Structure formats: C-alpha cells, structure tokens
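Q: If you're matching positions, the sequence shown starts at 38 in the numbering used here and goes up one per residue. Attaching a single structure in structure tokens format; questions to follow.
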Amino acid sequence: MMRACFATAPRDPAWPNEDFVAATSHAALVVDGAGTPVGADTGCVHDVAWYSQALGSALIPRLAHTGRSLTDSLAEAISDVAAQHGPDCDLGHPGSPSATVTTVRERDGWLEYLVLADSPLVLDLSTGIDVICDNRVDLFHQPEPAAMRDHPAGSAEHTAALREYVQAWRQHHNREGGFWSASTTPDAAAHALTGSFPLTDVRAAALLSDGASRLADRFGLLTWRQLLDVLDNDGPAALIQSTRAAEDSDPNGHRWPRGKSHDDATAIHCRIDPS
Ligand SMILES: [Zn+2]
C-alpha cells in the first residue's frame, strides 16, 4: 500500500507556481517547470506554468496504463503537449518551455521510477538512502552572471549578459552529450534515469522539486535522513516552511549563493507498506 502526502508553494504568492504535483493510488509525480530567464524570447505564447501543468496533466492518467513503460508514457505525454501548442508557437525554438519530471509507480510488487533532470527522488530503502537525481544540467548551466543582477533589465550590460547566459543553456539543452528535460521533443524521455526496486525493500519515497530539496543538497542544513524524518514526522508543508525560514535568514544569498531567493517548492512523501 502506498500512502502519499504532498505540499507545494510558489516562490512568491503573486507569481504562478511553475511546479505541478499529483498522486494517485499507485503513482506520484512532480514536474518542475523551467524556462529561459525573464526577457529571453521563447518562440511560444505559453508560459512555463502552462507547460508544467499541461505536461503533468497529460502524464498522470498515462501512469495508470501499467502495460506502458514510464519512458513511453512520458514520451507520449510530451507529444500530447506539443500538439496543444498553437500556430503561433515555434516548437523548434530552443527557448520553448521545459520541465523536469520525477515520478514513481507501484506495479506488480515493484516501485518503478523515472527521473528526468534535477528534481531529486530520495528513496528510503532497507539498505539505506538512495538519492536519484540527474544533475547533468550543472555541467553546463551556471548561476546567473553578476552582470544580470547588478544592471537593470534593458540595460546594455544586462542584455549582453542575458544573451550569453541563454546561449550557453541552449547550446547543450536536449542535445546529445548535453542535458535533457521535457520540452517539445519526445526523444528526451529516453534520456531519463529509470529503474525499479522491490516494494518490500522500500520504506518511503520522497519526490522533490529543487526548491524543496535545497535544505539538504544546497544549504547543507539537513542530511537526507533528516529531511526524510521531517517529511515523515511533520509532513511536506513543514519541510517547505523550514526552507522558507532558512531562505529568509539569507535574503541576499551571501551564505548560500543562488539565483532566486525563493523557488517554487514541492514535496511528495510516499510511505510504502508491504501489506
Ligand atoms: Zn506554445
């Protein structure tokens, strides 16, 4: 039996949440929308929040089709969303909205997983903790350059830095040898990390957008075990509240340099009972 509990919060109440979260009786899913920075062209009339909602909504019913692999289901969902763009959207544009995908599914005594891009899956296994995260983006994607923070949008310095920053990301996104996320090409699904564990070996699974994993993987304030304990004892909303408190203690990013003071934060905690 799987018991799932989740919480999600936008980085700013006035800003749309670009994360999507859902759980069913047998599956859980976190999608974290990603796009090019404000001011960069995207070739699309849709925003990132639209994309993550559309992709999550297309994928979640497909997870019930247990005869289809998670990879095939994701490829179909990406194609489905590509068909929802309109005539004014250029699907070949490298700035099209994109998203991470992290999902688990219970099937025939196994817990299957798929992780595409950098929303971590933390598994509490009988053998210890296993963190599955595709961090290839970090090889190519650097923090926003200082020139973008220090000069106002629209200035020559900001525009030049933005162009360089966006070009670096696009040169490697969804390219062989680069990093992959869900966007307009279904081929990306084949680049996800996938696998499965016997359900009897799994105590719990946590699916996190990177805005909800930072206490462990960026700030170093919690071990993964401690993060799982927060989820188990206090729940996903408490994890997000603790994250906000840490961020508020360092609003300018001096202690923990980061592009955004807050990020959309989503956590699902799935308890697995062998019965
Ligand atoms: Zn579009």
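Glycine included, C-beta positions come from ideal geometry on N, C-alpha and C. Because the structure is a prediction, the values reported are computed rather than measured.
May I ask whether a heavy atom of ligand 1 can be found less than 7 angstroms away from the beta carbon of Cys170?
A: Checking the Cβ of Cys170 against ligand 1 gives no.
Q: What first and last residue would you give for the alpha helix (DSSP H) that runs through Gly248?
A: Here the alpha helix (DSSP H) through Gly248 covers 247 to 254.
Q: What are the boundary residues of the beta strand (DSSP E) that Ala225 is part of?
A: No beta strand (DSSP E) contains Ala225, which DSSP labels as neither H nor E.
Q: Once you ignore the five residues that flank Trp293 on each side, which residues in its own chain have a CB closer than 7 angstroms to its CB?
A: Cβ within range, chain order: Arg255, Phe256, Asp287.
Q: Going residue by residue through the segment 48 to 79, where are the continuous beta strand (DSSP E) segments of at least 3 residues, counting only ones entirely within it?
A: Entirely contained in the segment 48 to 79, the beta strand (DSSP E) runs reaching 3 residues are, in chain order, 56 to 60, 64 to 71.
Q: Is Pro235 helix, strand or coil when you go by DSSP?
A: In this structure, Pro235 counts as strand in the three-state DSSP scheme.
Q: Measuring CA to CA, which of Cys170, Gln208, Asp78 is closest to Leu153?
A: It is Cys170.
Q: Is any heavy atom in ligand 1 found nearer than 7 angstroms to the beta carbon of Cys307?
A: Checking the Cβ of Cys307 against ligand 1 gives no.
Q: Asp310 to Asp269, Cα distance in whole Å?
A: So the alpha carbons of these two residues sit roughly 13 angstroms apart.
Q: Please report the distance separating the alpha-carbon of His209 from that of His228.
A: For His209 and His228, the distance between alpha carbons rounds to 14 angstroms.
Q: Is the segment 113 to 128 touching the segment 58 to 69 in the sense that three or more CB pairs, one from each, lie closer than 8 angstroms?
A: Contact between the segment 58 to 69 and the segment 113 to 128 is absent, because fewer than three Cβ pairs lie under 8 angstroms.
Q: What first and last residue would you give for the beta strand (DSSP E) that runs through Thr103?
A: Careful: Thr103 lies outside any beta strand (DSSP E) and carries neither H nor E.
Q: By the three-class DSSP mapping on this structure, what secondary structure does His188 have?
A: Three-state DSSP puts His188 in coil, outside helix and strand.
Q: Thinking C-alpha only, which one of Gln204, Gly165, Ser250, Asp78 is nearest Pro273?
A: Among Gln204, Gly165, Ser250, Asp78, the Cα nearest to that of Pro273 belongs to Ser250.
Q: Contact defined as beta carbons within less than 8 angstroms: I believe Pro134 pairs with Cys81. What is the distance between those atoms, to the nearest angstrom?
A: Their Cβ separation, rounded to whole angstroms, is 6 angstroms, which keeps Pro134 and Cys81 in contact under 8 angstroms.
Q: So, does the segment 132 to 148 touch the segment 95 to 115, judging by three or more C-beta pairs under 8 angstroms?
A: Touching, per the Cβ criterion.
Q: Report back the beta-carbon spacing between Ser106 and Thr137 to the nearest angstrom; my notes put them in contact at under 8 angstroms.
A: With 8 angstroms as the limit, Ser106 and Thr137 do not qualify as a contact, their Cβ atoms being about 19 angstroms apart.
Q: Check the C-beta distance from Thr303 over to Val67 and give it rounded, since I have them as a contact under 8 angstroms.
A: About 5 angstroms separates the two Cβ atoms, so the contact holds.
Q: Please report the distance separating the alpha-carbon of Ala184 from that of Tyr202.
A: Answer to the nearest angstrom: the Cα atoms are 10 angstroms apart.
Q: I think Leu162 touches Val239, with their Cβ atoms under 8 angstroms apart; what is that distance to the nearest whole Å?
A: The Cβ separation is near 6 angstroms, so the contact holds.
Q: Mind checking who Asp161 pairs with in its DSSP beta bridge?
A: Per DSSP, Ile166, Ala241.
Q: If I measure Cβ to Cβ from Arg207 and keep anything under 6 angstroms in the same chain, skipping five residues before and after, which residues do I get?
A: Excluding positions up to five away in sequence, the list reads Pro131.
Q: For His299, which of helix, strand or coil comes out of DSSP?
A: Residue state, collapsed to three classes: coil.
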